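So the sequences go chain by chain: A and B. Mind the numbering: the first sequence is residues 0 to 688 in numbering that gives the first Met the number 0, read in order. Mind the numbering: the second sequence is residues 0 to 121 in numbering that gives the first Met the number 0, read in order.
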Amino acid sequence: MLVHLQGAWTPWLGRLTLSQIPYNSPIVLGAFVFALLMAVPIVALFTYYRRWGYLIREWITTLDHKKIGVMYIIIGLVMLLRGFIDGVMIRTQQLLADGPRSAAHLQAVHGYLPPFHFDQIYSSHGTIMIIFAVTVVLTGFQNIIVPLQIGARDMAFPYLNAVSLWLTAAGAALVMISLFVGDFSHAGWVGIIPLTELPYSPGVGVDYWDWALQLSSLGTTLGALNLITTIVMMRAPGMRWFRMPFFTWATLSTQTIGLTAFPVLGVALALLSCDRYLGTHFYTAGLGGNLMLYTDLFWIWGHPEVYFIILPAWGIMSEVIPTFSEKALFGYTVMVAATLSIAGLSWAVWLHHFFTMGAGPGVNLVFSVSTMLVGIPTGVKVFNWSLTLYRGRLRFETPMLWAIGALFLLLVGGLTGMMLAIPAINYTVHNSVFVVAHFHTMFLVSVFGIFAGLMYWFPKVFGFRLDEHSGRRFFTFFSLGTVFVFAAMYILGLMGMTRRLDYLYDPHWQPLLIIQEFGIFLYCVSVFYFCKMIYVSIRDRAKEAHGQDVWQTSRTLEWMTQTPVPFYNFAVIPVVHGRDAWAMRRDSGLTATSPDQYEDIHLPNNTIVPALLGGLAFGFGFGMVWRIWWLAGFSLLGIIGLVILRSFADDKGFTLKAAMVRRMERNHEDTGIMTDHISPPVAELMLFQ
Amino acid sequence: MNPHPADPLDHPDVRNASAVGFVAGYAASVGLMAIALMVTLQHEMSYAGFVIAIAILAGLALLAQALLMFQLNLSGAQRWKTISLLLVVPLFVLSIGLTGWMFHTLYPRTMLDFMQVQGNGM
Ligand code: HEM
Ligand SMILES: [Cu+2]
Chain A
0 MLVHLQGAWT
10 PWLGRLTLSQ
20 IPYNSPIVLG
30 AFVFALLMAV
40 PIVALFTYYR
50 RWGYLIREWI
60 TTLDHKKIGV
70 MYIIIGLVML
80 LRGFIDGVMI
90 RTQQLLADGP
100 RSAAHLQAVH
110 GYLPPFHFDQ
120 IYSSHGTIMI
130 IFAVTVVLTG
140 FQNIIVPLQI
150 GARDMAFPYL
160 NAVSLWLTAA
170 GAALVMISLF
180 VGDFSHAGWV
190 GIIPLTELPY
200 SPGVGVDYWD
210 WALQLSSLGT
220 TLGALNLITT
230 IVMMRAPGMR
240 WFRMPFFTWA
250 TLSTQTIGLT
260 AFPVLGVALA
270 LLSCDRYLGT
280 HFYTAGLGGN
290 LMLYTDLFWI
300 WGHPEVYFII
310 LPAWGIMSEV
320 IPTFSEKALF
330 GYTVMVAATL
340 SIAGLSWAVW
350 LHHFFTMGAG
360 PGVNLVFSVS
370 TMLVGIPTGV
380 KVFNWSLTLY
390 RGRLRFETPM
400 LWAIGALFLL
410 LVGGLTGMML
420 AIPAINYTVH
430 NSVFVVAHFH
440 TMFLVSVFGI
450 FAGLMYWFPK
460 VFGFRLDEHS
470 GRRFFTFFSL
480 GTVFVFAAMY
490 ILGLMGMTRR
500 LDYLYDPHWQ
510 PLLIIQEFGI
520 FLYCVSVFYF
530 CKMIYVSIRD
540 RAKEAHGQDV
550 WQTSRTLEWM
560 TQTPVPFYNF
570 AVIPVVHGRD
580 AWAMRRDSGL
590 TATSPDQYED
600 IHLPNNTIVP
610 ALLGGLAFGF
620 GFGMVWRIWW
630 LAGFSLLGII
640 GLVILRSFAD
650 DKGFTLKAAM
660 VRRMERNHED
670 TGIMTDHISP
680 PVAELMLFQ
Chain B
0 MNPHPADPLD
10 HPDVRNASAV
20 GFVAGYAASV
30 GLMAIALMVT
40 LQHEMSYAGF
50 VIAIAILAGL
60 ALLAQALLMF
70 QLNLSGAQRW
80 KTISLLLVVP
90 LFVLSIGLTG
100 WMFHTLYPRT
110 MLDFMQVQGN
120 GM
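Right under this line is the structure:
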């Protein structure tokens, strides 16, 4: 053992003992029962309808970018729910624990959560929401939509795409299991240094956070590589750069950020791991360590990451707003330039997260100015969206409602960001909940964008619309909740409430805390309507089914495919003659897409290897967290071995014969995402035939 | 449309790679980093000399990877790789340069013993 550990360690189980399972905590027990209540019916349904084979053949082993995207989105939404529950718990604790006379419940002195538990909850809330909910759902959208928008059959590297998904899933699984086995980090989503060092956090919580981030960031980096290559290499004939749909441009900028920034996170975390596992002193307070270096590295990644999260949402808004304004996006070229410059600038502003650390005035000045510069392209975008709306024939269907809501939030978030960018102001509100309100408003732009995208593209992928009625309720309650929670939070920040408090000392904050809790209640109502929306839509799916172009005014290539999109995307790769290719075709009456001649389609076989790699990555992470060296070692060897083995597999994919494509297209056979047995065979199963 | 090559290994990008170059690049960068580790552990150079030595070793490791492992050159076939590499330069300048500047002004204000090493850095 290279570092001194507190507590027991055995070769077989590492630091794991039965006492690490917090079965005596009523809250964890409640969470466990809730998880069981969610899981048991799903397992039962799959078993009853004998769908396990289908699940493995068609989903777990798939290399289809749409199915991978859907799985990303499902993981992301599950994590969003988990993060939301954390949020409810945080708000409730702060409401209950306000003032010296506040009541005590369970094992707490104030409120109902002891500090150590509360800290874990806000740390997992932030980590989950940013890394495992919003990022993951947005990656899912980019996965599904970009190949369709540029007229490709799949991503450039379908196999790598699945590997990215399963690495992300492994990271998410680590976060989830930390709820029931051991603890999660208590050092915030940013990993406050030197709190994350071994002497201050001797448990496994920080290690869970560390490895979960490390695994998922690996997945994100590989995904970035894949999407960039796809956009550069796989565009349909005639799809020149400035004919690309705007969402594709947004993806290109986003993933360029992802590819360049995520390795920095990897390095920052790897050095922290060296400190925690090998006893080095990169970030320690003494012995030549430099704890400011961690903060610096973290935000070199962290600020680009926030743009990694917002740019795709802006891309979604730029597709939804023109569709429901029934005209083209205003200032396309300027929009592209603005997006690219934001991606570039996002690399030059990170220090605004630690103006108060004590660097010289010149440094703070430069970063203040560069941060404000971001406001220019952002403002340009806001004007362009407004001018797209101006004199449009506006239709307020649910996707549009979410997009407009996002526009308002962007104003609030952007302007408070500008305030924070001024060091003099920043010194007074840094680490107050004003900052928390700022970035929640910003992230909510992404969340609104996500729901806009969900309503907008759901019918394309699944072939039926989401229920408009409960969708509107969902939107209304969610927006009202947002107003109540975050308007109050801005005020509390200006009143001096600092962030991450498990006990609030000032009883004057009570009224605003009650308002926030009311907002949380509205959010809970909105979750009910979300579930209702999904339920009603699935129940009435036959009624809501529709053809290629559900909104009638959409503009980009994805609407040219059959609905639901067949696994080969386009029967024949389209030739593009201008920007907004689908709108052009519709306007000139060229919407009939069945060609005279079909061609053979080549697709990769499905394979179980990426899912196995994900499982091994989880084993590796779990082994490292608990210092079960044999588990970590064998998992790592397994990963390396599998990758080498797969590189020798002579898997040439399979060819869908032209006649077959013709038959399926002519007979309107259902080739959609839910169908069984038409999509590519599983390579490993063919070995047994 | 370019038809799918029957064998992925026939793809020009894959053909470009060479096993010898890959191993050489790998060995060279591991070796250079090991030297850097040793230099760090020995604590024998002056502060400035140490920083320069580490920087040179890192530069050499980068070169080894670019030239040996990825076989980069300026031919048209490598256009995208050249562009990517060029795009790294501003990022490098921004992240390392601004970080250096930040610490240069931060140390004298927060860590007293650094005053002797690099002056009061304004
Ligand atoms: C116009 C653009 C923006 C400006 C000028 C801006 C400015 C700032 C500043 C100065 C801070 C530091 C506050 C402090 O800690 O004292 C900050 C924090 C933050 N901002 Fe922004 N921001 C902008 C856009 C965004 C976007 C688009 C997002 C995310 C989608 C975002 C997310 C965050 C987060 C997560 C933090 C703080 C995280 C933490 O400390 O835990 N910001 N912003
Ligand atoms: Cu920032």
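Using N, Cα and C, we set each Cβ at its ideal position, and we do this for glycine too. None of these values were measured; they are calculated from a predicted model.
Compute every distance between the C-beta of residue i and the non-hydrogen atoms of ligand 2, then say whether any falls below 7 Å.
i: A:His429; result: no
i: A:Val444; result: no
i: A:Val305; result: yes
i: A:Val434; result: no
i: A:His302; result: yes
i: A:Val365; result: no
i: A:Val348; result: yes
i: A:His437; result: no
i: A:His352; result: yes
Are residue i and residue j close, meaning C-beta to C-beta below 8 Å?
i: A:Trp208; j: A:Gly190; result: yes
i: A:Arg242; j: A:Gly150; result: no
i: A:Phe245; j: A:Met334; result: yes
i: A:Thr126; j: A:Trp188; result: yes
i: A:Trp625; j: A:Gly13; result: yes
i: A:Val444; j: A:Leu408; result: yes
i: A:Val564; j: A:Lys65; result: yes
i: A:Val135; j: A:Ile74; result: yes
i: A:Gly448; j: A:Met532; result: no
i: A:Pro25; j: A:Leu94; result: no
i: A:Phe566; j: A:Ser678; result: yes
i: A:Gly452; j: A:Gly480; result: no
i: A:Val69; j: A:Ile639; result: no
i: A:Phe329; j: A:Leu386; result: yes
i: B:Ile53; j: B:Ala26; result: no
i: A:Ile256; j: A:Phe307; result: yes
i: A:Pro594; j: A:Val574; result: no
i: A:Leu137; j: A:Ala337; result: no
i: A:Gly29; j: A:Tyr71; result: no
Based on the DSSP secondary-structure assignment, which residues constitute the bridge partners of residue i?
i: A:Gly202; result: Bridge partners of A:Gly202: none, in fact.
i: A:Leu4; result: Paired residues: none, contrary to the question.
i: A:Thr497; result: A:Ser431
i: A:Phe463; result: A:Ala544
i: A:Gly13; result: A:Thr9
i: A:Leu503; result: A:Asp97
i: A:Val681; result: A:Asn605
Quick one: which unbroken alpha helix (DSSP H) runs of 4-plus residues sit fully inside the segment 588-676 of chain A? Chain order, please. 608-625, 628-647, 657-665
I'd like to know if the segment 18-31 of chain B and the segment 58-66 of chain B are in contact, where contact means that at least 3 CB-CB pairs between them fall below 8 Å. yes
Is the segment 342-350 of chain A close to the segment 316-325 of chain A, with three or more CB pairs under 8 Å? no
Give a yes or no on contact between the segment 497-505 of chain A and the segment 460-475 of chain A, applying the rule of three or more CB pairs nearer than 8 Å. no
Segments assigned alpha helix (DSSP H), at least 4 residues, entirely inside the segment 43-111 of chain A: 64-95
Could you tell me whether the segment 161-173 of chain A touches the segment 598-615 of chain A, using the rule of 3 or more Cβ pairs below 8 Å? yes
Answer yes if the segment 247-255 of chain A comes into contact with the segment 136-146 of chain A, meaning at least three C-beta pairs across the two stretches below 8 Å, and no otherwise. yes
The segment 614-623 of chain A contacting the segment 166-182 of chain A, beta-carbon criterion three pairs below 8 Å: yes
Contact between the segment 374-384 of chain A and the segment 410-419 of chain A is defined here as three or more beta-carbon pairs at a separation below 8 Å; is this criterion met? yes
Enumerate, from N- to C-terminal direction, the unbroken alpha helix (DSSP H) stretches of 4 or more residues contained entirely within the segment 154-242 of chain A. 157-176, 204-232
Which runs of the alpha helix (DSSP H) spanning at least 4 residues fall entirely within the segment 354-439 of chain A, listed in chain order? 360-388, 397-419, 422-428
Determine, using beta-carbon pairs with one atom in the segment 29-43 of chain A and one in the segment 643-654 of chain A, whether at least three such pairs fall under 8 Å. no
Taking only runs of the beta strand (DSSP E) that begin and end inside the segment 62-121 of chain B, which ones reach a length of at least 3 residues, in chain order? none
Between the segment 427-442 of chain A and the segment 107-127 of chain A, do three or more beta carbon pairs fall short of 8 Å? no
Where in the segment 26-68 of chain B do unbroken runs of the alpha helix (DSSP H), each at least 4 residues long, occur, reported from the N-terminal end onward? 46-62
The segment 548-555 of chain A / the segment 578-585 of chain A touching (three or more Cβ pairs under 8 Å): yes
Is the segment 537-545 of chain A close to the segment 224-232 of chain A, with three or more CB pairs under 8 Å? no
Could I get the ranges of all uninterrupted alpha helix (DSSP H) runs contained in the segment 287-359 of chain A, with 4 residues as the minimum, in chain order? 290-324, 331-344
Segment contact flag, the segment 486-496 of chain A with the segment 465-475 of chain A, C-beta cutoff 8 Å, min 3 pairs: no
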